[in-house]
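Please read the structure below before turning to the comments.
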Amino acid sequence: MKAKTVQLPDGTTVPAIGQGTWYMGERNSEFRSEVNALKQGLDAGMSLIDTAEIYADGGAERVVGEAIAGRRDDVFLVSKVYPHNAGGAKAIAACEQSLKRLQTDCIDLYLLHWRGSIALHDTVAAMEKLQQSGKIRRWGVSNLDTDDMQALWKIPGGEHCMTNQVLYHAAARGIEFDLLPWSEEHGVPVMAYCPLAQAGKLRHDVLTAPVMQNIAKERGVTSSQIALAWVIRSGHVIAIPKAVQPQHIKDNAAAMMLSLSDEEIAQIDAAFPAPNHKMPLDMV
Ligand SMILES: NC(=O)c1ccc[n+]([C@@H]2O[C@H](COP(=O)([O-])OP(=O)(O)OC[C@H]3O[C@@H](n4cnc5c(N)ncnc54)[C@H](OP(=O)(O)O)[C@@H]3O)[C@@H](O)[C@H]2O)c1
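Put into structure tokens, the structure is as follows:
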């Protein structure tokens, strides 16, 4: 079985499952195990790593920097800028600080973390400048709803956006009403955060519902792997589960090989129906 991939608008192929890093870098005592976790994930084919300047106040980027040292070319590196830094000279300075912590000279994909008070056109201008100077290869956004994406597309250069990273799992399907169809229509892949509902903390039934457990049992996998296979089922969505435990990392990488049948997808639809009306964008 081939591992699933997703194509970005510029033709770059990334694995359909990458690695999140929220809560990494918070404690020195965990540093080594977090570095090793990311390395294990890279070895297993989860070459996309998602981080942000906000995570542990730069601590997560330091963990990533250590994990990718000596193998930068094997990694597709995603980081995010604070909204209050996402314009003008502040954006350049924030990116340079991230680069230092990441021990690299270029970020593959740099995202606006969420929409703040800086005008979107100032963010686009800063992102384009960072790209031209070679500090980032591409840029995108996070936590933008359909109206914000439409506004972005009206700005010259706004359509260079490579992804929108939003919360998505089987019990949080609000984006399927309008944002996901808009993204598919405009060829912008969605990057799904909290694809495991934070190990069930946000919604335990994503992992414990009989439908997830039954499908998992029939296939001899875990319900987390079914949850991930469900998130990436369309080929248009990248999932970025965060994992430190070696078995979790192994399972997440293996989920890239899982294809759910139409029947299994219908069973999950019946237990977790998609909304038939506009929902506010889910965020954590
Ligand atoms: N753009 C944004 O605003 C935003 C917001 C939230 C998150 N994110 C990004 O998205 C990433 C993922 O979201 P998240 O970390 O909040 O939640 P998540 O990936 O849904 O869940 C992480 C939790 O799931 C556990 N886990 C991982 N793989 C597992 C498996 N195979 N079986 C059972 N449990 C498993 C992890 O445990 P262990 O660590 O103990 O292995 C951890 O407790 C973040 O790390 C971050 O990079 C972005």
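Here our numbering runs 15 ahead of the position in the sequence shown, where the first position is 1. All C-beta atoms in this analysis are idealised placements derived from N, C-alpha and C, irrespective of residue type, glycine included. Since we're looking at a predicted model, the values are computed, not measured.
Can you tell me whether glycine 202 is buried or exposed? The criterion is at least 16 other CB atoms within 10 Å of its CB, across all chains shown.
Indexing the sequence shown from 1 puts residue 202 at position 187. Exposed.
Does DSSP put proline 196 in a helix, a strand or coil?
Reading the sequence shown from its first residue, position 181 is the one you call residue 196. In the structure shown, proline 196 sits in a helix (DSSP, three-state: H, G or I).
Would leucine 124 and arginine 153 qualify as a contact pair, given that the criterion is a beta-carbon distance under 9 Å?
For the purposes of this step, residue 124 is taken as residue 109 along the sequence shown, with counting starting at 1. For the purposes of this step, residue 153 is taken as residue 138 along the sequence shown, with counting starting at 1. Yes, these two residues count as a Cβ contact at 9 Å.
At a threshold of 8 Å, does glutamine 260 count as lining ligand 1 (C-beta to nearest heavy atom)?
To locate residue 260, count along the sequence shown from 1; it is residue 245. For ligand 1, at least one heavy atom lies less than 8 Å from the Cβ of glutamine 260.
Buried or exposed for glutamate 200, going by 16 or more other Cβ atoms inside 10 Å?
Translated into positions along the sequence shown, residue 200 becomes position 185. It counts as exposed.
Who are the Cβ neighbours of glutamine 55 in its own chain at under 7 Å, not counting the five residues just before and after it?
For the purposes of this step, residue 55 is taken as residue 40 along the sequence shown, with counting starting at 1. Only Pro261, Ile264 meet the Cβ criterion.
What are the start and end residues of the beta strand (DSSP E) that includes serine 157?
Walking along the sequence shown from the start, residue 157 turns up at place 142. Run containing serine 157: 154-157, per the beta strand (DSSP E) assignment.
Any heavy atom of ligand 1 within a distance shorter than 8 Å of the CB on asparagine 267?
To locate residue 267, count along the sequence shown from 1; it is residue 252. Asparagine 267: yes, Cβ under 8 Å from ligand 1.
Could you tell me whether any non-hydrogen atom of ligand 1 is closer than 8 Å to the CB of leucine 222?
Translated into positions along the sequence shown, residue 222 becomes position 207. Because some heavy atom of ligand 1 lies under 8 Å away, the Cβ of leucine 222 counts as near it: yes.
Keeping to the same chain, check which residues put their C-beta closer than 7 Å to that of aspartate 160; ignore five residues upstream and five downstream.
For the purposes of this step, residue 160 is identified with residue 145 of the sequence shown, where counting begins at 1. The residues are Leu194, Leu296.
If you reduce the DSSP assignment to three classes, tell me which class tyrosine 70 lands in.
If you number the sequence shown from 1, residue 70 lands on position 55. In the structure shown, tyrosine 70 sits in a helix (DSSP, three-state: H, G or I).
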